[in-house]
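Here the sequence shown is numbered in this note's numbering, starting from 45 and rising by one per residue.
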Amino acid sequence: MKTSAGDVNRGILPPTDRERARLTRGTFLFHLRPIRIPRRAVRWAHTFGLGGSSLLLWLTLASTGILMLLVYQPVPDVAYDSVRTMMTRVRFGSLVRGVHYWSANLLVAVVLLHVMRVILTGGYHRPRRVNWIIGVALLLGVLASAITGYLLPWDQRAFWAITISTGMLGYVPGIGAGLQAIIRGGSDIGAATLLNFYTFHTTVLPVLAIVLMAFHFWRVRKAGGVVEPPADASDAAADSKVMFLPDLLVREVAQGLVLLAVVVVLGALVGAPIGERANAGMSPNPAKAPWYFMGFQELLIHLHPVFAVLVLPLAALAGFAAMPWVGDAAGPAGRWFLSPAARRAAGAASLVAVVLCVAAVLLDDAIASTQGANTGWFVRGVVPTLLLAGISAAVVVLTRRRFGLGRNECVQTLVVFLVTGFVTLAIIGVFFRGPGMALTLPWGGGG
């Protein structure tokens, strides 16, 4: 029987689709993928392989992390030296750490893109509601793994980034100080903090990730795979379905090999940074959180801390969790941006978000430099939050009227508007904040 894989697989795989189906059914692969998959659902541009890439990066992190455990010592007096030893005296130690570092950063980025892909293709409705919640939990787990691993080198960059990140918890009313003390293991960053982060990074979070990933893949399989794009004329043909083995498997393996090559090249040529030994008495200027938390640090500059680290993040998390029940399960799904009209609305919302964010940052910075910052909770918290809510509602109403959007498309437009704004804040924090967190130009100009 002729297959789409052609003669490339001849001699490697069983010659007929029936035998290939039997092979798939008798292995663990059958529990991850159906034997036959709609051709339109396996197009690379439909998912970009983000889910499989996330799994591969996690496995790469696990394997390189296990190797680093053979050298690393989670004690402040020797943690930094053990990392230095790994990079200078252990054969391939610098490469292993570089691969681990870049895999971690890419995993955060890929998981974030994967979540956005699900949103922009409407893949979070019934029967995928539960899996959406699991996916959000996995995203939080990835961020937790990244931040706990960030401290382990025990250099200045890591020490002060975690000092800032955990310091945000202190602004939570009532329980902030206690929560901060639990995570730090005391009032300050020290040996207890390092041990806490090491334990969570190497034991607790990996176990939770394995459980959640297994449940996540099982729910994907139970739902019949990823949400399918609408059929077109070419999909009406008799061969509109392809075999998982080899059609999809070969594509996933090829993408995985390319991704591994990229990570290895980055690990070998760029490597992982290591600064000076951590010094609690000397803060770098500027002291910044990791890039994936820079949006929150930028919010802290402009908003009351309670709203920057508690009210808005909790509202965003609740909104993400409620999305499957707010949208319409019978609405459009499967196509990127759901419809041509929704694509135009998302583009308009993104442009408005960038312009408004940049304008708000510049205006707030100008007011603070001339009149001083007002730190009151009403002016710096309630007013901006109500203003954000009003602008968000206006964007949804105006785009709905202008482009004739449905409920799912309105939800998508709102998410695009808010996410674009947050990403803009993160970019400003990473590239346009200099000494004293003052606005500056990354290429050396003044702010």
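Using N, Cα and C, we set each Cβ at its ideal position, and we do this for glycine too.
Environment of residue i [buried if 16+ CB atoms lie within 10 Å]
| i | result |
| --- | --- |
| Glu342 | buried |
| Asp291 | buried |
| Trp369 | exposed |
| Ser48 | Low confidence applies to Ser48: its pLDDT is 49, below 50, so where it sits in the model is not reliable, and the reading given next is rough at best. Its Cβ having fewer than 16 others within 10 Å, Ser48 is exposed. |
| Gly95 | buried |
| Ile472 | buried |
| Ser231 | exposed |
| Trp487 | exposed |
| Phe351 | buried |
| Asn240 | buried |
| Ser329 | It should be pointed out that residue 329 corresponds to Asn in this sequence rather than to Ser. Classification for Asn329: exposed. |
| Ser383 | buried |
| Val441 | exposed |
| Gly137 | buried |
Whole-number beta carbon distance between residue j and residue i, since they are thought to touch under 8 Å
| i | j | result |
| --- | --- | --- |
| Met130 | Met112 | 7 Å |
| Gly93 | Glu296 | 6 Å |
| Pro349 | Ile191 | That pair is no contact at about 18 Å. |
| Val405 | His346 | 7 Å |
| Gly179 | Val162 | 7 Å |
Minimum C-alpha distance to residue i - residue among the options
| i | options | result |
| --- | --- | --- |
| Ala89 | Glu453, Ala393, Phe381 | Phe381 |
| Thr459 | Arg87, Ala352, Thr165 | Here residue 459 is Val; the residue named in the question, Thr, does not match the sequence. Nearest option by C-alpha distance: Thr165. |
| Arg321 | Val159, His158, Asp199, Ala374 | Asp199 |
| Ile233 | Ala253, Thr246, Ser209 | Ser209 |
| Ile177 | Gly450, Arg228, Phe259 | Phe259 |
| Ala85 | Thr60, Lys285, Pro197 | Lys285 |
| Tyr242 | Pro118, Gln299, Arg451 | Pro118 |
| Val314 | Ala221, Leu469, Arg87, Trp146 | Trp146 |
| Ile79 | Arg265, Leu151, Gly179, Leu223 | Arg265 |
| Trp262 | Arg228, Arg172, Pro317 | Arg172 |
| Ser436 | Leu105, Ala390, Gly142 | Ala390 |
| Leu310 | Arg141, Phe288, His158 | Arg141 |
Identified DSSP bridge partners for residue i
| i | result |
| --- | --- |
| Asp232 | Its beta-bridge partners do not exist; DSSP assigns none. |
| Leu483 | Arg477 |
| Pro82 | Lys285 |
| Asp408 | Asp408 is not bridged to any residue. |
| Leu121 | In the sequence as displayed, the identity of residue 121 is Asp instead of Leu. BP columns for Asp121 are empty, so no partner. |
| Asp199 | Arg321 |
is_contact[residue i, chain B] using C-beta, thresh 8 Å
| i | result |
| --- | --- |
| Phe288 | The displayed structure is made up of one protein chain only, and chain B is not part of it. |
Cβ-heavy atom distance, residue i to the ligand ATP, below 7 Å
| i | result |
| --- | --- |
| Thr60 | The ligand ATP is not among the ligands present in this structure, which contains no ligands whatsoever. |
Tell me the start and end of each unbroken alpha helix (DSSP H) in the stretch 285-326 that is at least 4 residues and wholly inside, in chain order.
293-313
Write down every uninterrupted run of the alpha helix (DSSP H) in the stretch 331-395 whose length is 4 residues or greater and which is fully enclosed by it, in chain order.
338-346, 356-370
Alpha helix (DSSP H) segments (min. 4 residues) lying fully within the stretch 239-269
249-266
Tell me the start and end of each unbroken alpha helix (DSSP H) in the stretch 418-452 that is at least 4 residues and wholly inside, in chain order.
427-447
If we require 3 or more residues per run, which beta strand (DSSP E) segments fall completely within the stretch 104-178?
none
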